[in-house]
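Written below as structure tokens is the structure these notes are about.
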Amino acid sequence: MSAIPHQPSQSIPRPRPPKAAKPPSAIADLCATYDGYLAKATKARAALLRKYESKSLHAWRVSLRRITATLDRVAAALPGEQPDGVLAQLKEFRNATGGARDLDILLDETLPAFLAHGGHGDRLDGELLHALNTRRVHGHQEAIEGLKKARLTTAVHHFHAWAETHRNVTEDELRAAAAGVIDTRFRQLRKRAARMHEGRIRLHRARTATKKLRYTIELFQPLFPREASQAWLEKLAEVQSHLGEAHDRLTARALCKELLPASSEHAQLRALRKWAKHTSGEAAAKAEHSLERLDKLGHYWRH
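Per our numbering, numbering through the sequence shown is continuous, rising by one, with the last residue being 1353.
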């Protein structure tokens, strides 16, 4: 019987260990945050096209504002091209729905607060309420028509192209840019807050400056000590809430004058205008007090 020839032993190939995942960079995290805003806006738009709800409209507008309020300054602080096309389109989309949002606030928040104040009945005069609700329905229809045209596909594509050209920005470069942007937004808020008692337009500008600073600090929070930035965010949320209330009350006065001109001398409307002016002043005073406390916080981004 012949011997079986010796077969050399074959080693089983070992699988190569997976390459260590490259840690995400600060600029990649920043762009991922913007992608999150775009995703939330896309989701809100889809919900609105199925059924109009004021909370979905609010989500749509806030998601877009978080981009338009920050991306221009961020891009300007970094080398390379500016995403001007993205910003212009998103601002147009957001502004197309502003009228509907104002009417929602008037009927869902300001008017109930006025009636709860007491002394003017438990509901607005039927004819006046019908006129406002009719205009509200029309405003919702206009918003939906605007949203049908507000596809975000192009904006997402252009943003990704901009992000790709900036993927090599270092953390130190981004932090330096962030400090400059935050400082600019802070100085802008102080300047506008000094004139917020000069009418609705000035109040609106102070409110907008507050939002821009808050969203900017939020965006760059991972680059700085969390405790310091969180203290600023909490105070800015206070300021924004007070300025929002003050602005909403003045907007209610303006809307009633615009939409109900023939009823300007109606007793309830006169009382509403008086109450709105008074409570707007109270809210603005609270905002001013919160701003004073904000100013005492350390400017952490300058260190």
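Even glycine gets a Cβ: it sits at the ideal position worked out from N, Cα and C.
Exercise. Exposed or buried, what is L1099 when buried is set at 16 or more other beta-carbons lying within 10 Å of its beta-carbon?
Worked result: exposed
For this session: Put F1209 into one of helix, strand or coil per three-state DSSP.
Result: helix
For this session: Tell whether a beta-carbon distance below 8 Å holds between A1082 and A1094.
Result: no
Exercise. Count the other CB atoms within 10 Å of the CB of K1307; is the residue buried (16 or more) or exposed (fewer)?
Worked result: exposed
Problem set entry | Per-residue DSSP class, three states only, for V1219 | coil
Problem set entry | Terminal residues of the alpha helix (DSSP H) in which Q1132 lies | Run containing Q1132: none; DSSP gives neither H nor E here.
Exercise. So is Q1280 buried or exposed if we call it buried at 16+ other beta carbons inside 10 Å?
Worked result: With a 10 Å radius around the Cβ and a threshold of 16 neighbouring Cβ atoms, Q1280 comes out exposed.
Exercise. Is A1071 helix, strand or coil when you go by DSSP?
Worked result: At A1071, the pLDDT of 47 sits below 50, so the modelled position is not reliable and the matter cannot be decided from this model.
Exercise. Does DSSP classify A1200 as helix, strand or coil?
Worked result: Of the three classes helix, strand and coil, the one that applies to A1200 here is coil, per DSSP.
Problem set entry | Pairwise C-alpha distance: R1257 and F1270 | The straight-line gap separating the alpha-carbon atoms of F1270 and R1257 is approximately 20 Å.
For this session: Tell me, please, whether the CB atom of L1305 is closer than 8 Å to any CB atom in chain C?
Result: Protein chains in the displayed structure number just one, and chain C is not present.
Problem set entry | Those runs of the alpha helix (DSSP H) which lie wholly inside the segment 1267–1336 and span at least 4 residues | Taking only runs of at least 4 residues, the alpha helix (DSSP H) segments lying wholly in the segment 1267–1336 are 1276–1309.
Exercise. Are there 16 or more other CB atoms within 10 angstroms of the CB of Q1139, so buried, or fewer, so exposed?
Worked result: buried
Exercise. Can the beta-carbon of T1120 be found closer than 8 Å to that of K1141?
Worked result: no
For this session: Could you tell me the distance, in whole angstroms, from the CA atom of I1194 to the CA atom of D1154?
Result: For I1194 and D1154, the distance between alpha carbons rounds to 14 Å.
Exercise. Buried or exposed: E1323, going by 16 or more other Cβ atoms within 10 Å of its Cβ?
Worked result: Note that residue 1323 corresponds to Arg in the displayed sequence, not to Glu. Buried, since its Cβ has 16 or more Cβ neighbours within 10 Å.
Exercise. What is the residue span of the alpha helix (DSSP H) that K1346 lies within?
Worked result: Here K1346 belongs to no alpha helix (DSSP H), and DSSP marks it neither H nor E.
Problem set entry | Run of the alpha helix (DSSP H) containing L1121, from where it starts to where it stops | Counting along the chain, the alpha helix (DSSP H) containing L1121 begins and ends at L1121 to A1127.
Problem set entry | Cβ shell of L1114 (< 7 Å), same chain only, five flanking positions each side left out | A1091, L1140, F1143 and R1144
Exercise. Alpha helix (DSSP H) containing D1078: first to last residue?
Worked result: For the record, residue 1078 in the displayed sequence is Ala; it is not Asp. Taken as a continuous stretch (DSSP letters only), the alpha helix (DSSP H) holding A1078 covers A1076 to R1100.
For this session: Please classify H1188: does DSSP put it in a helix, a strand, or coil?
Result: If DSSP states are grouped into helix, strand and coil, H1188 belongs with the helices.
Exercise. With 16 other CB atoms within 10 Å as the buried threshold, where does K1262 fall?
Worked result: buried
Exercise. With DSSP run on the structure shown, which of helix, strand or coil describes G1230?
Worked result: helix
For this session: Grab the span of the alpha helix (DSSP H) containing R1115 for me, first residue to last.
Result: S1104 to T1118
Problem set entry | Contacts around D1233, its chain only, beta-carbon distance under 8 Å, and the 5 residues preceding and following it disregarded | H1349, W1351 and R1352
Exercise. Around the Cβ of G1189, are there at least 16 other Cβ atoms within 10 angstroms (buried) or fewer (exposed)?
Worked result: buried
Exercise. CA-CA distance, S1104 and D1152?
Worked result: 10 Å
Exercise. Quick one: what's got a C-beta closer than 6 Å to A1333's C-beta in the same chain, skipping five residues either side?
Worked result: Excluding positions up to five away in sequence, the list reads H1292, E1295 and A1296.
For this session: Compute the Euclidean distance between the alpha carbons of P1074 and V1219, then round it to the nearest angstrom.
Result: 12 Å
Exercise. What residues in its chain sit with their C-beta under 6 Å from that of T1204, if we drop five residues either side in the sequence?
Worked result: none
For this session: Could you check what DSSP says for D1158 in three-state terms: helix, strand or coil?
Result: helix
Exercise. Would you call the CB atoms of K1336 and R1303 closer than 8 Å?
Worked result: no
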